[in-house]
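Residue numbers (the numbering used here): 882 to 1044. Backbone N, C-alpha and C define an ideal beta-carbon position, used for all residues, glycine too. In this text, all values refer to a predicted model and were calculated from it rather than measured experimentally. Contents: one structure, followed by commentary.
Shown next as structure tokens:
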């Protein structure tokens, strides 16, 4: 019985070790020296929504509960003509900060979904409901876009950052 327990314990330790190495390798698969402006330009080309405009720092601080002090750079683009279309790109100053930014972004999207008033732009709710946040190494994005555009933007975000 002790022998079986020992073998089982060794297997669990090996699996945990492999999982940790997998996460470390995933972070190493991404560049860490890409300017946020380069990423946002690629995303703007991909989403092709002319009414998206870069939000100023004051707007971001008032409307997006993401701790930008964890960032070296960030940019948020908002729709200026009554749509919920929006995306943000954040370059964290460390891997731990990137994880925190991702958590903040996911929390922000969850809060938007919970608090969305159905009588206000009901046709926009699917974008809120299906919004995503993603981390690639030091970079985090959130995407509030229609399904096809969001999927394309998410792929472009990852492709720009792959080594």
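With distances taken from CA atoms, which of the options is nearest residue i?
i	options	result
residue 1033	916, 923, 914, 918	923
residue 933	966, 1030, 1014	966
residue 943	930, 951, 957	957
residue 985	1037, 1015, 1004, 907	1015
residue 968	1005, 1012, 1002, 952	1012
residue 1030	1017, 1019, 1007	1007
residue 848	1021, 1004, 951, 964	Beyond the ends of the chain as shown, which are 882 and 1044, falls residue 848; an answer cannot be given.
residue 918	1044, 994, 1022, 1026	1022
Which residues in the same chain have their Cβ closer than 6 Å to the Cβ of residue i, if we skip the five residues on either side of it in sequence?
i	result
residue 920	970, 1041
residue 889	Annotation note: pLDDT 42 at residue 889 (below 50); position unreliable, coordinate value reported separately. Excluding sequence neighbours, residue 889 sits near nothing in its chain.
residue 1005	965
By DSSP's criteria, residue i is part of a beta bridge. Which residues make up the other side?
i	result
residue 967	959, 1025
residue 992	Paired residues: none, contrary to the question.
residue 1044	None; residue 1044 has no bridge partner.
residue 1013	1024
residue 954	972
Short of 7 Å in beta carbon distance, which residues of its chain neighbour residue i, apart from the five on each side in sequence? Order them along the chain.
i	result
residue 977	none
Subject >> Secondary structure, beta strand (DSSP E): runs of 3+ residues fully inside the stretch 906-950 >> reply: 933-935
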